[in-house]
Amino acid sequence: MKPTFRQSMQWLHTWAGVVLGAVLMAVFWSGTLLVFDREIDRWMAPMTRLPVIETSTPLDPMIRPFIATAVEVGASSITVALPYEREPTLRVSFRDVSGLARYNLDPGTGRILPDPETAAATDFLYRFHYSMHIRFANVGIWLVGLAGMALLALCVSGIAIHRKILADFFTFRPSKNQRRAILDLHNAAGVLGLPFNVVITLSGMIIFYAEYFPSAVRSLYPNAASYYSEIFDSHSRPKSHVPADAISVDTVRHAAQKIWNGDRIQYLVINHPGDAAASMRVVRATDNIVLLQGDTAFFDAATGALLYHRAKPEPVKRAQGFIAGLHFAQFQHWTLRWLYFVLGLSGCVMIATGYVYWVDKRRKRHEQQGLSGVRLVEGLAVGSTTGLIIATLAFFVANRLLPLGTTFLGYERAALEGWAFYFAWIVTFAHAWLRPRRAWIEQCWWIAAFAVAAVLLNGITTGDHLVRSLTHRHLWAIAGMDLLLLAGAMVAALAAGKLQRRAVAPPASSARGRPPSDGIE
Amino acid sequence: MDHALHLLALTVVLYLGFATLALSQVRNWRLVIAASPPSPVMKIVLRAIGIVLLMLAIPLALWLDGPSFGSLMWGTAISVAACAVTATLSWCPHWLRPLARAIRAANMSQIVWRLNE
């Protein structure tokens, strides 16, 4: 018999969710954390926890020696990222013979800070979010793209199979039987969070349009470089091979700020430093707008004359910049960023409850029929939810335990932190499959323990314990992270306690409770 | 701080919108108050009011936070407000009793008005 529309949608919803749920969870969880990427960076790199300086502080005396070095080693460009509230260090980088030389400076004193030796959030978690660190043939990016498509299909099919979407719109019955409550929670997180889930997933995929739909770029541009040059508003001129000193960075910075009504400069790049044809690319910060692509202006580095500035980008570029900006959430609108964080967590709840519902519904039948599906999927569910959280916490704990300069088997500290993440993650999967009855409870306890350990280790190794971080304005990012870790530990401990009590004496309501008579089955 | 106040204002309007929509449903009405549920006409009126409140929140959000941030604030706050109404109905349905009483009063006057006709 031909399946009905609802049956085929149900099939799609069930299997797309079970197969790709783990990837979706990884992307949603890391994306949620990345709302506070710079704050996690501060937590993981204590040497960069600095008070914010006045934007008028002259930068020339600090930058000049680096420009001189860059000229000496023949670097083709030197990049200077300016400090701001969320990233209070002055960052200088250029390419020399040994690779990319990167320096973090205290903008108040000009002192070079020790290398943080961590990939933290803006590197490790960021790459994990869009590629799961699978670099081979861009498989990771495509896997995340596939999961994104699957999530959109899950949203549509989920609506299609929901029997009483309007009647149950505001329904969550935690006191009813366990399975009903799980399904209610799944439906509430899915239906009520639908606008965010769809927009964030779609925008994430649009960011990678050149990867997922390369034919458009290939048919319009002779090569990738010409395409990116147009996208990023590049303006270049050849080297003259006549040596010349660059004009003051501060002069150019102020000239650019004048064009942009005093807005902050995010970073500037000096091309061909030390050459008479050197130019400075200045990029406007996008803190107070959603649009991600900051305006760019080019100045003659020798004379300070404005070479090129596009007053307003094309509408298509603006639209793309808005879509990318709403996804990256790098703006200073803290309320909106917190909303993103909360809705990101609700997305995680949606994915986790989807798994739990699948397992709960089939557990009895699979046990009777001797099938192993439930055991396999439950292990996947545990590993991809509580396991992923433990892995993230292990990443934080490893960051606080490994002293600077640690190397092991040829790997440097930053890489070792990444290994700690993956090692912990694999252990949680193994644990989930080896101890299926106790996995949820034990891993909830592990979360609580790891989170408290991270907070304690931060206090011990950096001295920025909660009392200190709460009373110093520039340490609020650290206080926020510590408080969220403690809140997470509390929720995990409560969940563990509740699951433990339920495991000892199965509640009457769940034993007697009817399976859901309405909603999806 | 301003942004948090904007969110508060926006959430209040959206919350009222969703609460009105929720009370147009008999099951939610019974959760909140032990009184006869709104008449079919009143249900339609409540739904219209609810949707108007949700829509009114759009210009409010755009006015408070500008077109780009405002649209995102509305798009995210709408989920938070709907979750808040769901949570209220799950744990503290009596919080919505004043609203239900007001609706019932309006409903009564409507019946009286109809009888007079």
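Protein chains in written order, with this note's numbering: chain A, 211 to 731; chain B, 1322 to 1438. Don't be surprised by glycine CBs; every beta carbon is placed ideally from N, CA and C.
Member of Trp352(A), Arg390(A), Asp570(A) whose CA lies at the smallest distance from the CA of Tyr340(A): Trp352(A)
What's the gap between the Cα of Ala226(A) and the Cα of Ala634(A)? 26 angstroms
What are the start and end residues of the beta strand (DSSP E) that includes His339(A)? It is not in any beta strand (DSSP E) - His339(A) instead sits in the alpha helix (DSSP H) that spans 336-341.
Quick one: complete alpha helix (DSSP H) runs, 4+ long, within the segment 371-455 of chain A? 388-402, 404-417, 419-422, 424-430, 434-441
Counting only C-beta atoms, is His543(A) closer than 7 angstroms to chain B at any point? yes
Going by DSSP in three states, Arg647(A) sits in which element: helix, strand or coil? coil
Assuming Met691(A) and Ile250(A) make a contact with CB atoms under 8 angstroms, what is their CB distance in whole Å? 7 angstroms
With 7 angstroms set as the bound, which would you pick, yes or no: does the beta-carbon of Ile730(A) sit closer than that to a beta-carbon of chain B? Note that Ile730(A) scores a pLDDT of 42, beneath 50, so its modelled location is shaky; the value from the coordinates is reported in the next line. Taking Cβ atoms only, chain B never reaches closer than 7 angstroms to Ile730(A), which makes this a no.
Which whole-angstrom value is the C-beta distance of Ile651(A) and Gln710(A), which I expect to be below 8 angstroms? 5 angstroms
Kindly list, in the order they appear in chain A, the residues whose Cβ is closer than 8 angstroms to that of Ser1400(B). Leu402, Gly403, Leu404, Pro405, Phe406, Leu553, Ser556
Val1406(B) to Ala1340(B), Cα distance in whole Å? 6 angstroms
To be precise: take each residue of the segment 492-515 of chain A, compare its Cβ to all Cβ atoms of chain B, and keep it if any distance is under 8 angstroms. Which residues remain? Ile499, Val500, Leu501
Burial state of Gly400(A) (16 or more Cβ within 10 Å): buried
Could you tell me the boundaries of the alpha helix (DSSP H) in which Leu1329(B) lies? 1323-1344
Out of Gln540(A), Ser679(A), Val714(A), which one is the CA nearest neighbour of Trp253(A)? Ser679(A)
DSSP three-state assignment for Leu666(A), whether helix, strand or coil: helix
Sequence-distant residues of the same chain with beta carbon closer than 8 angstroms to Tyr518(A), five excluded per side: His445, Ala507, Phe508
Residue(s) in a DSSP beta bridge with Leu300(A): Leu315(A)
Taking Cβ-Cβ distances shorter than 7 angstroms, what residues in chain B pair up with Pro201(A)? There is simply no residue 201(A) to check, as chain A begins at 211 and stops at 731 in what is shown.
Using only the alpha-carbon positions, how far apart do Leu323(A) and Leu260(A) sit? 11 angstroms
Stretch-stretch touch, CB-based, cutoff 8 angstroms, three pairs: the segment 586-603 of chain A with the segment 233-240 of chain A: yes
Is the CB of Leu1367(B) under 7 angstroms away from at least one CB in chain A? no
Which term fits Ser247(A), buried or exposed, when burial requires 16 or more other beta carbons within 10 angstroms of its beta carbon? In the sequence as displayed, the identity of residue 247(A) is Asp instead of Ser. Counting Cβ neighbours within 10 Å, Asp247(A) comes out buried, since at least 16 surround it.
Provide the residue span of the beta strand (DSSP E) that contains Ala291(A), from first to last. 287-291
Can you pull the chain B neighbours of Val701(A), defined as C-beta to C-beta under 8 angstroms? Residues of chain B passing the Cβ test: none, with the nearest at roughly 16 angstroms.
Please classify Ile1354(B) as buried or exposed, where buried requires at least 16 other C-beta atoms within 10 Å of its C-beta. buried
Let me see if you follow: with CB-CB separation under 7 angstroms, is Val1373(B) close to chain A or not? no
Buried or exposed for Ser1345(B), please, with buried defined as at least 16 other CB atoms from any protein chain shown within 10 angstroms of its CB. buried
Have a look at Asp306(A), Phe606(A), His451(A) and flag the residue whose alpha-carbon is nearest the alpha-carbon of Gly284(A). Asp306(A)
Helix, strand or coil: how does DSSP classify Ser367(A) here? helix
Beta-carbon neighbours of Phe532(A), restricted to chain B and to distances below 9 angstroms: Ser1389
Alpha carbon to alpha carbon, how far is Gly368(A) from His223(A)? Give it in angstroms, no decimals. 6 angstroms
Over what stretch of residues does the beta strand (DSSP E) that includes Tyr477(A) continue unbroken? 475-481
Output the residue ranges of the alpha helix (DSSP H) runs that lie fully inside the segment 608-658 of chain A and measure 4 residues or longer, sorted by chain position. 623-644
For the alpha helix (DSSP H) that Asp485(A) lies in, which residues bound it at each end? Taken as a continuous stretch (DSSP letters only), Asp485(A) belongs to no alpha helix (DSSP H), as it is neither H nor E.
Give me the residue from Cys654(A), Ala529(A), Arg610(A), Leu685(A) with the minimum Cα distance to Ala667(A). Position check: residue 667(A) holds Leu in this sequence, whereas Ala was assumed. When each option's Cα is compared against that of Leu667(A), the closest is Arg610(A).
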